[in-house]
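First the structure, in the form of structure tokens, and then the observations on it.
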Amino acid sequence: MQILIVEDDAIVAHDVEETLRTTGVEVYVAANADDALSLAERTAFDLALLDVRLGYGESGLMLAEMLLERHAIPSLLVTGLGELPEHVGSYALGVLAKPFSPGDLVSAVQAVRSALTGQTVPAGPAGLTLFSGRDRS
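Our numbering numbers the first residue of the sequence shown as 9 and each following residue consecutively.
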């Protein structure tokens, strides 16, 4: 599985990258939307893990829409925000609430992987919300 991490906080990005690499996932990291879109032009990602609030006013929500529309890359959003727009499920697979532990992250990615492959979705961490209303084909 190839995952694109888009996180503007270098320490968080490093921690997420290291956690996912230990599970055998191939990980690429981008610090902003432009870098993420550039990587998506060259690599067929299975999933994007996106921070909802990126630096310099960039929106992970808008990036999730662009990655899905332009490159058919589904997204798992990561946020500390309490509320997101109701239509977020039309372009994202789910949301993982911050803060999360390394175990929560691995569990969330496993749940999303199962959803993407049509398998029974295991119980994810308490901070994970998956959306079922979107056509994932």
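For each residue, glycine too, the CB sits at the ideal point set by N, CA and C.
In whole angstroms, give me the CA-to-CA distance for residue i and residue j.
i	j	result
ALA21	ASP112	15 Å
SER46	SER98	23 Å
GLU15	GLU94	23 Å
ASP23	PRO107	13 Å
HIS79	MET70	14 Å
ASP43	THR87	20 Å
PHE139	MET9	21 Å
ALA72	THR51	16 Å
ALA18	LEU62	12 Å
GLY68	GLY126	26 Å
TYR64	ALA39	11 Å
LEU75	VAL96	14 Å
ALA131	ALA105	15 Å
VAL117	GLY135	12 Å
Could you check how far apart the C-beta atoms of residue i and residue j are, in whole angstroms? I think they sit under 8 Å.
i	j	result
SER115	PRO133	5 Å
VAL150	GLU25	This structure cannot settle anything about residue 150, because the visible part of the chain is limited to 9 through 145.
Check for me: the alpha helix (DSSP H) holding residue i runs from which residue to which?
i	result
LEU104	It is not in any alpha helix (DSSP H) - LEU104 instead sits in the beta strand (DSSP E) that spans 102 to 105.
LEU113	110 to 124
VAL35	It is not in any alpha helix (DSSP H) - VAL35 instead sits in the beta strand (DSSP E) that spans 34 to 38.
LEU136	Premise fails: LEU136 lies in the beta strand (DSSP E), 136 to 138, not in any alpha helix (DSSP H).
LEU28	18 to 29
Within the continuous beta strand (DSSP E) that includes residue i, where are the two ends?
i	result
GLN10	10 to 14
Do residue i and residue j have their CB atoms nearer than 8 Å?
i	j	result
VAL103	ALA119	no
ILE11	ASP59	no
LEU57	LEU101	no
ILE13	VAL33	no
THR27	PRO110	yes
ALA41	GLU66	yes
Inset, instruction - Only counting runs of 3 or more residues, tell me where the beta strand (DSSP E) segments fall wholly within the region 50 to 87, in order along the chain. - result: Complete beta strand (DSSP E) runs here, min 3: 55 to 59, 83 to 87.
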